[in-house]
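Residue numbers (full-length UniProt numbering), protein chains in the order written: chain A, 1 to 333; chain B, 1 to 333; chain C, 1 to 216; chain D, 1 to 216. Quick reminder that beta carbons are idealized off the backbone N, C-alpha and C, glycines included. Bear in mind the structure is a predicted one, so any value in this text is a computation, not a measurement.
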Amino acid sequence: MKKLINDPRAVVDESVEGFGIAHADLVAVHPDPLFITRRDAPVQGKVGIVSGGGSGHEPLHAGFVGRGMLDAAVPGAVFTSPTPDQIIPATSAVDGGAGVLHIVKNYTGDVLNFETAAEMAEADGVTVRSVLVDDDVAVEDSLYTAGRRGVGGTVFVERIAGAAAERGDDLDGVADVAQRVVDGVRSMGVALAACTVPHAGVPSFDLAEDEIEIGIGIHGEPGRHRIAMEDADGITQRLLDPIVADLRLASGDRTLVMVNGMGGTPASELYIVFRKVAQLLDGLGVTIERSLVGNYITALEMQGASLTILRVDDEMLELWDSPVHTAALRWGA
Amino acid sequence: MKKLINDPRAVVDESVEGFGIAHADLVAVHPDPLFITRRDAPVQGKVGIVSGGGSGHEPLHAGFVGRGMLDAAVPGAVFTSPTPDQIIPATSAVDGGAGVLHIVKNYTGDVLNFETAAEMAEADGVTVRSVLVDDDVAVEDSLYTAGRRGVGGTVFVERIAGAAAERGDDLDGVADVAQRVVDGVRSMGVALAACTVPHAGVPSFDLAEDEIEIGIGIHGEPGRHRIAMEDADGITQRLLDPIVADLRLASGDRTLVMVNGMGGTPASELYIVFRKVAQLLDGLGVTIERSLVGNYITALEMQGASLTILRVDDEMLELWDSPVHTAALRWGA
Amino acid sequence: MVQPLDTAWAVRWIRETARVVAENRALLIDLDRVIGDADHGENLDRGFSAVVAKLDAGDAPGTPAAVLKQVAMTLMSTVGGAAGPLYGTAFLRAATSLGDAGEVDAAAAAAMIRAARDGIVARGKAEVGDKTMVDAWTPATESAETAASAGATPPEVLAAAANAAHAGAVATEPLIARKGRASYLGERSAGHQDPGAVSTALILQAASEAAGGEVA
Amino acid sequence: MVQPLDTAWAVRWIRETARVVAENRALLIDLDRVIGDADHGENLDRGFSAVVAKLDAGDAPGTPAAVLKQVAMTLMSTVGGAAGPLYGTAFLRAATSLGDAGEVDAAAAAAMIRAARDGIVARGKAEVGDKTMVDAWTPATESAETAASAGATPPEVLAAAANAAHAGAVATEPLIARKGRASYLGERSAGHQDPGAVSTALILQAASEAAGGEVA
Ligand SMILES: Nc1ncnc2c1ncn2[C@@H]1O[C@H](COP(=O)(O)OP(=O)(O)O)[C@@H](O)[C@H]1O
Ligand SMILES: Nc1ncnc2c1ncn2[C@@H]1O[C@H](COP(=O)(O)OP(=O)(O)O)[C@@H](O)[C@H]1O
Ligand SMILES: [Mg+2]
Ligand SMILES: [Mg+2]
Ligand SMILES: [Mg+2]
Ligand SMILES: [Mg+2]
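And the structure:
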């Protein structure tokens with residue numbers, strides 16, 4: 001394992017410390033228990049937006065703290081959801097009197113820890129609502145499973161809910177628009193090579209030179225199945241098809257598209273994937289209204305990409321376009 | 001070799017095509033000969049800024065085309081400088097009557113091709129000035145060598161020269177401030193693992209599990225020497241020391257700092273490096289006025305990082321802070 | 001050397017758990033790497049190290065329940081992931097079931113294990129056969145209750161629980177996961193033991209050994 | 001079978017160059033990979049493929065000089081990197097030196113090689129020993145001139161140049177690069193042949209073979 005790190009157990013603390021120094025104009029880092037807030041938190045009268053989860057997915061979530069997006073991010077250990085004792089003070093710190101929305105990716109650990117924290121924050125007098133992101137079409141959604149995972153769609157939920165909060169919507173309104181994004185967003189990922197969790201020291205899975213994993217998550221877990229290496233156009237088709245089917249995308253639909261790098265994939269390759277997505281959607285009569293191409297929700301240095309598509313309406317687009325000023329997403333401000 | 005590509009020889013064309021679709025609001029892609037301009041080029045009365053070089057360094061240069069930075073980017077084949085027949089029309093396309101500045105990284109190929117293009121563009125009636133970026137302290141600067149390479153400093157030169165042009169400075173003024181940035185900026189890089197050039201198909205060099213290359217460039221070339229793996233703090237010290245020595249940084253100096261990922265390094269690791277840079281500069285009494293942490297000038301999927309430091313004055317800072325709106329760098333617009 | 005299940009036993013149990021978790025850290029990471037996200041051993045090691053640090057630092061709690069409650073709170077705030085809340089709940093419910101008794105008898109030991117198991121099920125909603133720690137806790141509970149009703153000593157109850165947990169963990173190997181992170185793998189999750197079931201067996205084995213019990 | 005150095009020869013030379021460059025594409029990439037950026041073979045292959053495409057498509061140029069001028073312009077606009085302008089200049093200067101002659105005699109052949117070599121030096125400012133293509137062109141020029149003054153036939157002049165270029169390329173191996181990308185490696189550049197010197201030897205060998213010359 002070769003990484004630009006010191007003690008593997010200090011990775012999160014040191015990285016967040018560096019992040020805090022680099023973006024001191026935007027955020028404040030609270031070291032113990034660890035969480036990150038907007039510099040100007042709490043914003044009086046505004047719904048606070050908190051998200052969090054295991055580390056290793058940077059820029060998610062800390063990179064999205066700032067005006068028009070998150071009020072607080074709560075980083076756990078690498079690939080491990082944070083604990084209630086981090087989430088509770090983060091929640092209180094961003095409560096400006098209008099309540100707080102928790103944006104939770106659908107993993108057992110995240111759900112349980114945020115659930116506990118929400119309960120305790122409520123007991124402390126903070127009104128909390130939660131929205132669960134579960135956009136990964138690689139995972140079967142059924143009563144008898146843990147349900148679909150939350151992956152790339154989280155970025156869209158955080159942005160659009162954050163914009164609604166900034167606009168002055170009340171807690172129910174913000175939660176509702178967040179839920180509408182959850183309902184309309186789906187993702188699918190592929191890995192060309194695994195990542196190595198610092199405290200594990202070995203790659204999370206092994207792939208031969210001519211194999212790829214289809215349907216991977218963001219925690220270095222293997223995917224749904226392994227296939228022979230294909231070219232970018234073929235792989236892109238495999239990412240797109242199940243999303244189109246699940247969302248029942250059809251001619252006339254308008255979308256927000258993200259081609260996301262898993263951490264170790266160069267931008268040039270992501271644009272090759274995006275080119276094909278654009279061609280295929282165009283062929284279906286589906287419009288790409290806005291797009292993101294880059295590293296937004298990663299799995300350490302994993303090589304691969306994910307595709308996320310949200311069916312948008314005018315309100316979501318208006319919220320999307322409103323000013324946002326975070327370390328990783330910025331416009332209009 | 002596993003990459004999200006189709007035909008290795010189509011990598012640049014397809015990637016730029018995808019880039020053009022994703023950023024159609026910002027840029028226009030001219031396919032044959034290939035170059036990228038600002039959507040609104042030429043801007044009448046403004047000095048045009050053109051840069052270019054081999055591909056594989058994304059977001060450099062196309063990601064920096066837009067208001068407050070480049071008017072045109074000219075991408076060559078992977079790691080191969082573009083040809084005059086691309087550079088000449090790019091130069092003409094962005095000439096708003098105030099002349100054009102070529103920002104050229106100091107490599108034999110880039111220098112020769114831009115030289116020829118400048119000569120021919122001048123013959124066509126465009127006034128051209130050139131500035132040569134040579135910030136890599138890993139390379140010995142001497143009359144008897146090709147001189148230092150242009151690496152991370154290019155980002156600062158493009159931004160600050162672009163801001164000066166946007167402000168309305170004339171060609172000599174823009175060229176002068178660009179040269180001042182060149183004079184004040186130095187860089188140093190490290191690789192943990194090599195990249196693979198698509199048409200070559202094998203890694204550019206081999207490193208054992210416990211070795212790293214110090215003083216690498218951005219073309220997958222080996223560095224100045226190979227050492228045993230160290231922790232992030234130790235490596236950061238090795239990157240910083242020669243820069244501090246070369247720039248004679250001393251207490252009271254003000255700087256612009258970039259910790260740049262080579263393409264395959266996660267953001268979390270870059271922030272760990274930045275943290276140490278901040279600590280070390282603080283110890284020297286040197287102030288970090290602004291910083292960039294992320295992938296700005298890469299070498300495909302190489303794992304590693306580079307450090308770039310510019311000694312700034314008030315004017316440079318003011319130019320830095322002025323609005324910029326490109327695919328990869330955006331604020332105030 | 002059979003010991004009463006008093007406060008000292010509870011402290012020994014927890015220290016022994018911390019020791020075996022540290023010893024098996026790499027194993028638990030590796031089990032989780034194959035069908036999960038490679039952190040279970042790291043998470044538990046971080047949590048139980050914190051638990052021990054708290055035991056070393058503070059005044060010794062006065063009852064077995066007080067020990068387990070401190071463990072619960074510490075795990076909850078240091079482990080994270082799925083295991084943090086699940087084990088946190090388990091130790092909290094176990095503590096509650098013990099009341100303020102100074103010593104745990106056989107029936108209380110069995111009830112404590114059932115309380116822990118029911119807490120995990122209440123929080124995680126997993127059923128037997130879903131390939132989770134429930135597949136270790138459930139047979140452990142049943143064996144403990146059977147032993148207690150058959151008149152076993154408290155250490156014998158714990159030994160029965162530990163043995164059953166171990167067998168339950170081994171038996172998760174062929175299962176297809178339906179809860180937790182391993183469920184994302186679908187059929188590819190078969191063929192590997194569940195890390196949480198294995199750590200459950202380690203925890204219950206530590207309880208038994210702290211009581212001087214013999215584990216088969 | 002010795003051929004006159006006429007327009008047909010020039011076309012044969014260029015087509016043969018394209019063939020050997022394609023054949024040695026991987027070798028040239030690999031030489032460049034070790035001490036450069038792994039593109040020399042790809043660059044030249046792209047360039048000479050374009051040259052051949054132009055020969056196939058257009059009217060045949062009327063003189064050797066016209067052939068070489070077309071090569072120069074095509075290389076300049078398709079190769080890029082250092083080799084594009086350097087070889088572009090070389091072929092342009094070579095064309096200029098030939099004037100409008102329909103056939104190249106021994107002295108003109110030597111002069112053509114010198115013109116190419118001097119063009120490369122003028123553009124790239126490398127000296128002999130800097131571990132560049134100049135280390136192949138310079139001995140090639142000298143051998144060609146020596147052969148021409150000794151009364152060799154035009155094909156013999158080309159053969160002398162090719163042999164010397166080849167020897168020159170081989171002799172770059174121990175050198176430490178002082179120009180071009182390999183110079184960034186400092187002493188680590190020693191121990192490998194320079195890719196541009198090797199491609200120079202291939203080009204001159206093609207010239208010789210197109211003239212029916214024997215290369216040792
Ligand atoms: N719903 C659930 N009910 C019971 N146990 C569960 C559940 N989900 C996960 N687990 C247990 O948690 C273990 C994983 O813990 P850990 O790796 O620490 O957390 P995470 O899955 O968040 O990375 C699994 O091996 C399984 O035994
Ligand atoms: N200044 C120079 N003078 C002469 N030849 C040079 C010079 N710089 C580089 N070369 C030649 O160019 C070759 C490299 O060409 P190529 O790989 O195509 O370009 P690049 O170095 O731009 O990638 C070197 O092997 C060397 O022979
Ligand atoms: Mg986890
Ligand atoms: Mg090159
Ligand atoms: Mg886990
Ligand atoms: Mg090269």
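Residue side-chain check: T80 of chain B places its Cβ nearer than 7 Å to a non-hydrogen atom of ligand 2. Taken in chain order, the complete beta strand (DSSP E) segments of 3 or more residues contained in the region 187-256 of chain B are 211-214, 225-228. Taken in chain order, the members of the region 13-38 of chain C whose beta-carbon sits within less than 7 Å of a beta-carbon on chain A are I29, R33, G36, D37, A38. Rounded to whole angstroms, the gap between the alpha carbons of A22 of chain A and A175 of chain A is 31 Å. Taking 8 Å as the cut-off, the Cβ atoms of M69 of chain A and T196 of chain A do not count as close.
Your pair D37 of chain D and E140 of chain B does not check out as a contact, with CB atoms roughly 19 Å apart and the cut at 8 Å. Counting along the chain, the unbroken beta strand (DSSP E) around T37 of chain B starts and ends at 34-38. Chain order gives the chain B residues near M76 of chain D as T83, P84, D85, N113, T116, where near means a beta carbon separation below 9 Å. At a cut-off of 7 Å, the beta-carbon of I120 of chain C counts as near ligand 1: some heavy atom of the ligand is closer than that.
Contact check for R9 of chain B against A333 of chain B fails: the beta carbons are separated by 8 Å or more.
Only exposed fits P174 of chain D, as fewer than 16 other CB atoms lie within 10 angstroms of its CB. For Q303 of chain B, the chain A residues whose Cβ falls inside 9 Å of its Cβ are K2, K3, L4, G264, E301, in order along the chain. If only uninterrupted beta strand (DSSP E) runs of at least 3 residues are considered, those enclosed by the region 34-107 of chain B are 34-38, 48-55, 72-78, 100-105.
According to the DSSP assignment, Q205 of chain C belongs to the alpha helix (DSSP H) that extends over 195-210. At least 8 Å separates the CB of G63 of chain A from every CB of chain C. Taking C-beta atoms as the reference points, A82 of chain D and T108 of chain B count as a pair closer than 8 Å. In the displayed model, I297 of chain B falls within coil according to three-state DSSP, outside both helix and strand.
The Cβ neighbour count for P82 of chain B, taken over all protein chains shown within 10 Å, is at least 16; the residue is labelled buried.
A Cβ-Cβ separation of about 4 Å places S15 of chain B in contact with S268 of chain A under the 8 Å criterion. For Q70 of chain C, there is no enclosing beta strand (DSSP E); the residue is part of the alpha helix (DSSP H) that begins and ends at 64-78. A direct Cα-to-Cα measurement between V244 of chain A and L292 of chain A gives close to 18 Å. For D95 of chain B, same chain residues with a beta-carbon under 7 Å away, outside a window of 5 residues either side, are P42, G48, V126 in chain order. Residues close to ligand 5 by the beta carbon criterion (under 5 Å to any non-hydrogen atom) are, from first to last along the chain, C:D32, C:G36, C:D37, C:D39, C:H40. For P31 of chain A, the enclosing beta strand (DSSP E) starts and ends at 27-31.
Judged by DSSP in its simplified three-state form, R148 of chain A adopts coil rather than helix or strand. Exposure of R248 of chain A is indicated by the presence of fewer than 16 other C-beta atoms within 10 angstroms of its C-beta. Spatial neighbours of V312 of chain B in its own chain (CB-CB distance under 7 Å, excluding positions within 5 residues in sequence) are listed in chain order as R254, T255, L256, E289. In this structure, G217 of chain B has its CB at a distance of at least 7 Å from all heavy atoms of ligand 3. By the C-beta density criterion, P323 of chain B is exposed, having fewer than 16 other C-beta atoms within 10 angstroms.
With a threshold of 7 Å, the Cβ atom of G68 of chain A does not count as near ligand 4, since no heavy atom of the ligand is closer than that. Contact between the region 7-26 of chain C and the region 166-185 of chain C is absent: fewer than 3 CB-CB pairs across the two stretches fall below 8 Å. Less than 8 Å divides the Cβ of M302 of chain A from the Cβ of A191 of chain A. Boundaries of the beta strand (DSSP E) harbouring L310 of chain A: 303-311, taken from the DSSP string.
With fewer than 16 other CB atoms across the displayed protein chains lying within 10 angstroms of its CB, E318 of chain A is exposed.
If you look at L4 of chain A, you'll find it isn't in any beta strand (DSSP E); DSSP assigns it neither H nor E.
Residue state for S322 of chain B is assigned as coil, using DSSP reduced to three classes.
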